[in-house]
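For the sequence shown, this note's numbering gives the first residue as 71, with consecutive numbering after it. Even for Gly, the Cβ is constructed at its ideal location relative to N, Cα and C. A short write-up of the structure that comes next.
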Amino acid sequence: MDMRTTPAFGRADLSNCEREQIHLAGSIQPHGALLVVREPDLSIVQISKNAPHLLRIKDLIGRPLQSLGGDLVTRLTPLLKLSLRTIPAPFRCTLGEPATAFDGQVHRSADGGLILEFETAGKPIDLSGKLESALRSVVTAPSITSLCEEAASFFKTITGYDRVMVYRFDDQGHGEVFSERKRPDLEPYLGNRYPASDIPQIARRLYERNRIRLLADIGYEPVPLTPRLSPLTGRDLDMSLCCLRSMSPIHVQYLKNMGVLGTLVISLVVGGKLWGLVACHHYEPRRVQFEVRTACELLGEVVATRISALESFAQAQAELSVRRLEQRMIEAIAREGDWRAALFDGTNALLQIVSATGCALLFEGQVQTFGDVPGTQDLRAIGDWLQARTADGLYATTQLGLEEPGFAHLIPVASGVLAVALSQAEGEYLIWFRPEQVRTVTWGGDPEKPMVIGDDPADLSPRRSFAQWHQVVEGTAEDWQPAEISAARLLGKTLQDVVIQFRAVRLVIAQHQLEQVSQQVRHSAAPVLVCDTAGQILLANEALHDLLPDKHVHLHFVEDLAPFFTNAASVRNTVRELLAAQRAWRGELMLQSGTKGANAVMVRADPVTSPGGGALGYVFTFSDLRERAAAEAARERFQYGIVERNEISLKRVETAGNPHHRQLFTSIIENAQLAAMEITESANIPHMPELLESVRASVSRSAELLDLLIGNAKDKRKQG
71 MDMRTTPAFG RADLSNCERE QIHLAGSIQP HGALLVVREP DLSIVQISKN
121 APHLLRIKDL IGRPLQSLGG DLVTRLTPLL KLSLRTIPAP FRCTLGEPAT
171 AFDGQVHRSA DGGLILEFET AGKPIDLSGK LESALRSVVT APSITSLCEE
221 AASFFKTITG YDRVMVYRFD DQGHGEVFSE RKRPDLEPYL GNRYPASDIP
271 QIARRLYERN RIRLLADIGY EPVPLTPRLS PLTGRDLDMS LCCLRSMSPI
321 HVQYLKNMGV LGTLVISLVV GGKLWGLVAC HHYEPRRVQF EVRTACELLG
371 EVVATRISAL ESFAQAQAEL SVRRLEQRMI EAIAREGDWR AALFDGTNAL
421 LQIVSATGCA LLFEGQVQTF GDVPGTQDLR AIGDWLQART ADGLYATTQL
471 GLEEPGFAHL IPVASGVLAV ALSQAEGEYL IWFRPEQVRT VTWGGDPEKP
521 MVIGDDPADL SPRRSFAQWH QVVEGTAEDW QPAEISAARL LGKTLQDVVI
571 QFRAVRLVIA QHQLEQVSQQ VRHSAAPVLV CDTAGQILLA NEALHDLLPD
621 KHVHLHFVED LAPFFTNAAS VRNTVRELLA AQRAWRGELM LQSGTKGANA
671 VMVRADPVTS PGGGALGYVF TFSDLRERAA AEAARERFQY GIVERNEISL
721 KRVETAGNPH HRQLFTSIIE NAQLAAMEIT ESANIPHMPE LLESVRASVS
771 RSAELLDLLI GNAKDKRKQG
């Protein structure tokens, strides 16, 4: 490892903090103690230097956990059956003689060994009423804005910090204070933006793994580990998941420059990615006890689940508009032989799908427009320019004139461009436009000056001024939102299918143009087959052959496809019936996949009619449903996981005897099921498994945290 480019913990400056090894801190905050334990004999091999004092037990290194007294081993034993490699497991135990109560958590290090963290247990506290109220406001929040407003309120109520902010990250990683609750005398930060450089990427990855982080006192003296290197590996201990891990000195200095003396940060992870943070700031040292942090982590999971639901709902609404457009275009092809009029017949819908002010269709050398768009010559130039930028079928920018100075004169009308390719042919696009939006962005300090230089030129430190810095942004449009980009991509895919069908229709009607048009159909990414009324194949493109188990098979008639399906006889009969009846057909079939079983395929057969109404042939399109099958499997796993968690947790809730706890668990499950419903009703099939898994993991973690709160409440009642 090159220490010049990958600085050790505490040795980074602002020029290389992106690579600081903050997970190898080698020290902890002093409000807790840490033990590293070897498996399977559960003997202690490494400790934080304060552990003997805080745990009131001498000579810890080399001792087995069993010798520490109390019920630690009894509480740990069931937890050790878990993986513990990605999420720590919390517990409550007693240690020593006389027994002292501790809150703790345990996880397995990436390098081996158990890491146990302890904090002295606090006084009994019942948060069930506040949690119930917070969960109710989460489940009923109608928008992300209102949800974040509610979140800032209930996190401030529960934690008691001077200021609570909900940060939201954009695609560039910049953060914005999306909602805020604060002490009346404090300067507001609402609306302030902070550059991506303020939170290094390595810190963002740790926020994704470790969902809650406490800094009790910014003036703390780090407590080193002893020995410094892990006896299990001979290297620095990987402390990625340690809640007590020391903070980077650069981050500590950053907070000092803000005047903050204590923080609590809760991660909001949506779909496996860091969506934002709940940042709680205090202007005096503040340590909130374990139950409060557990409740905050639970609420963070629930809020993230609700965000996933609301984003999926917005996307589903846009997708519904796309499907309506698709239906109109298919009907127009059957009725009029063309689809373009139907697309522009619903121009308001076409613009509303992505909140654009204008759109243009570039197709087969023609240009059709609606709304505020550049002139025809500029549109053709944009089409040529896009050719090298739509490798994945889509291109989006909010600053066309800044990216390409040749288009600077279009800034007033076309700063924002969102384009989808319609085919493999050059210059065929549907393009949406947004005008320049001159706006003032408020930064928490000058984003161009994230660091200052001290007396020593090598002494780089974080920004010292967080005074609002106003930047007038020109030449850019409003950002394209993820749901809008997803809807554009879906409409692009729909239009590609429509274009294939349209060209296939013309192929049947005008066979003398076969070579020119069939090339475009042949090179389509979608599997397509064109036949005449007798079922004789006129064209089967390469994508169809790639879908079949035998890519080199020679197909003469549609019936030749039957043996490739699991129910060949039924497929053969269906083909004969639809050819005889000259009707459309759509159905799901199972396509054999060699030794791998069978894959689901959606097959659509549409008759091509002549102006007189008679059938000229058929267009068969095939859609591989393997992604949908994966989504279905994810849906089943999600439902099974919810049912299983429901049964386990309800038993625990029933024995607790607190009606608030049952209502809390019911709210958690209700929130998760709402999110799952919105996700599964969306057409975002490729990402459905990961979104559902994120919700499942979140509800599982929420239930575990609620179990812990219930267990702690029972323990404290017994001790009382």
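Review point. Under 9 Å between the Cβ atoms of N280 and L311?
Key: Along the sequence shown, one-based indexing puts residue 280 at 210. Along the sequence shown, one-based indexing puts residue 311 at 241. It is a contact, given that the beta carbons lie within the stated cut-off.
Exercise for review: Report yes if the CB atom of F503 is closer than 9 Å to the CB atom of G445, and no otherwise.
Suggested key: Within the sequence shown, the letter at position 433 stands for residue 503. Within the sequence shown, the letter at position 375 stands for residue 445. Their beta carbons are not under 9 Å apart, which means F503 does not touch G445 by this criterion.
Exercise for review: Evaluate contact between the segment 283-299 and the segment 313-330, counting only Cβ atoms and requiring at least three cross-stretch pairs below 8 Å.
Suggested key: yes
Check your understanding: Candidates R656, A384 and A404: which alpha carbon is nearest V568's?
Key -> Here residue 568 refers to the residue found at position 498 of the sequence shown. For the residues R656, A384 and A404, the minimum Cα distance to V568 belongs to A404.
Review point. Looking at the structure shown, is K343 part of a helix, part of a strand, or coil, going by DSSP?
Key: To locate residue 343, count along the sequence shown from 1; it is residue 273. Reduced to three states, the DSSP call for K343 is strand.
Practice item. Taking V236 as the reference, give the member of T229, Q242 and F225 with the closest Cα. Key: Locating residue 236 in the sequence shown gives position 166, where the first residue counts as 1. Comparing Cα-Cα distances from V236 to each of T229, Q242 and F225, the minimum goes to F225.
Review point. Among F440, L617, P475 and P633, which residue has its Cα nearest to the Cα of I452?
Key: Counted from its first residue, the sequence shown places residue 452 at position 382. Per the Cα distances, P475.
Practice item. Please classify D454: does DSSP put it in a helix, a strand, or coil? Key: Position 384 of the sequence shown holds residue 454. In the structure shown, D454 sits in a helix (DSSP, three-state: H, G or I).
Review point. Can you name the residues that DSSP bridges to Y277?
Key: Counting from one through the sequence shown, the residue named residue 277 turns up at place 207. Answer is none; Y277 lacks a bridge partner.
Check your understanding: In chain order, what residues of the same chain lie with their CB nearer than 7 Å to the CB of Q469, ignoring the 5 residues before and after it?
Key -> Position 399 of the sequence shown, counting from 1, holds the residue named residue 469. Excluding positions up to five away in sequence, the list reads S485, G545 and T546.
Practice item. Check whether the Cβ atoms of H626 and Q606 lie closer than 9 Å to each other. Key: Taking the first residue of the sequence shown as position 1, residue 626 is located at position 556. Taking the first residue of the sequence shown as position 1, residue 606 is located at position 536. Going by C-beta atoms, H626 is nearer than 9 Å to Q606.
Exercise for review: Would you mind listing the alpha helix (DSSP H) stretches within the segment 219-307 that are 4+ residues and don't spill past its ends, in chain order?
Suggested key: 271-279
Check your understanding: Is the distance from the Cβ of I127 to the Cβ of L138 below 9 Å?
Key -> If you number the sequence shown from 1, residue 127 lands on position 57. If you number the sequence shown from 1, residue 138 lands on position 68. Result yes, Cβ atoms of I127 and L138 sit closer than 9 Å.
Check your understanding: Among L154, L609 and P292, which has the Cα closest to the Cα of V689?
Key -> For the purposes of this step, residue 689 is taken as residue 619 along the sequence shown, with counting starting at 1. Measuring from the Cα of V689, the nearest candidate turns out to be L609.
**Study point:** For N829, the three-state DSSP class (helix, strand or coil)
**Key:** The question about residue 829 has no answer here: the residues shown for the chain are numbered 71 through 790.
Point to revise | L125, DSSP secondary structure in three states | key: Numbered from its first residue, the sequence shown carries residue 125 at position 55. L125 falls in the helix class under three-state DSSP.
Point to revise | DSSP three-state assignment for P160, whether helix, strand or coil | key: Start at 1 with the first residue of the sequence shown, and residue 160 comes out as number 90. In the structure shown, P160 sits in a strand (DSSP, three-state: E or B).
Review point. Which stretch, first to last residue, makes up the alpha helix (DSSP H) that contains L368?
Key: Taking the sequence shown and counting its residues from 1, one reaches residue 368 at position 298. It spans F360 to E406 - the alpha helix (DSSP H) in which L368 sits, taken as one unbroken run.
Exercise for review: Could you tell me if E257 is buried or exposed, where buried requires 16 or more neighbouring beta carbons within 10 angstroms of its beta carbon?
Suggested key: For this step, residue 257 is matched to residue 187 along the sequence shown. Exposed, by the Cβ-count rule.
Review point. Looking at C-alpha atoms only, which residue of Q551, T603 and S267 is the closest neighbour of G243?
Key: For the purposes of this step, residue 243 is taken as the residue at position 173 of the sequence shown. If we check each option's Cα against that of G243, S267 comes out closest.
**Study point:** Rounded Cβ spacing between G342 and E760 (contact assumed at less than 8 Å)
**Key:** Taking the first residue of the sequence shown as 1, we reach residue 342 at position 272. Taking the first residue of the sequence shown as 1, we reach residue 760 at position 690. Right, their Cβ atoms sit about 6 Å apart.
Check your understanding: Could you give the C-beta distance for A879 and I570, rounded to a whole number, given that I count them as a contact under 8 Å?
Key -> In this structure the chain extends from 71 to 790, so residue 879 is not present and cannot be described.
Check your understanding: By DSSP, does T546 sit in helix, in strand, or in coil?
Key -> Sequence index remark: in the sequence shown, residue 546 carries index 476 (1-based). The answer is coil: DSSP assigns T546 none of H, G, I, E or B.
Review point. Which runs of the alpha helix (DSSP H), 4 residues or longer, sit entirely within the segment 166-230?
Key: 198-210 and 214-229
Review point. Terminal residues of the continuous beta strand (DSSP E) containing R145?
Key: Translated into positions along the sequence shown, residue 145 becomes position 75. First-last for R145: L142 to L146, but that is the alpha helix (DSSP H), not the beta strand (DSSP E).
Check your understanding: Would a check of beta-carbon distances place L470 closer than 9 Å to chain C?
Key -> Protein chain content of the structure displayed is limited to a single chain, and chain C is not contained in it.
Check your understanding: Given a threshold of 16 other Cβ atoms within 10 Å of its Cβ, counted over all protein chains shown, does D241 qualify as buried or as exposed?
Key -> By 1-based counting over the sequence shown, the position of residue 241 is 171. Label assigned to D241: exposed.
Point to revise | Neighbourhood of A489 by C-beta distance below 6 Å, restricted to the same chain and skipping five residues each side | key: Residue 489 sits at position 419 when you count from the first residue of the sequence shown. Cβ neighbours of A489 beyond the five flanking positions: L456, Y465, Y499 and I501.
Point to revise | Meets three-Cβ-pair contact criterion under 8 Å: the segment 356-369 and the segment 187-206 | key: yes
Exercise for review: Find out if the Cβ-Cβ distance for the pair S113, L295 is shorter than 9 Å.
Suggested key: Taking the sequence shown and counting its residues from 1, one reaches residue 113 at position 43. Taking the sequence shown and counting its residues from 1, one reaches residue 295 at position 225. Not closer than 9 Å, so no.
Point to revise | Sub-9 Å separation of V234 and R206 beta-carbons | key: What you label residue 234 is simply residue 164 of the sequence shown in a count that begins at 1. What you label residue 206 is simply residue 136 of the sequence shown in a count that begins at 1. For V234 and R206, no; Cβs fall outside 9 Å.
**Study point:** Limits of the unbroken alpha helix (DSSP H) element including P633
**Key:** Within the sequence shown, the letter at position 563 stands for residue 633. No alpha helix (DSSP H) holds P633; DSSP gives it neither H nor E.
Check your understanding: Three-state secondary structure (DSSP) at R766?
Key -> Here residue 766 is taken as the residue at index 696 of the sequence shown, counted from 1. Residue state, collapsed to three classes: helix.
Exercise for review: For G562, count neighbouring Cβ atoms within 10 angstroms of its own Cβ and tell me buried if that reaches 16, exposed if not.
Suggested key: Reading the sequence shown from its first residue, position 492 is the one you call residue 562. G562 is buried by the Cβ-count criterion.
Exercise for review: Below 7 Å CB to CB, which residues in the same chain sit around D232 once its five sequence neighbours on both sides are set aside?
Suggested key: What you label residue 232 is simply residue 162 of the sequence shown in a count that begins at 1. Here the set comprises K252, R253, L256, H351, H352 and Y353.
Review point. In terms of residue numbering, what span does the beta strand (DSSP E) encompassing V443 cover?
Key: In the sequence shown, the residue the question calls residue 443 occupies position 373. It is not in any beta strand (DSSP E) - V443 carries neither H nor E in the DSSP assignment.
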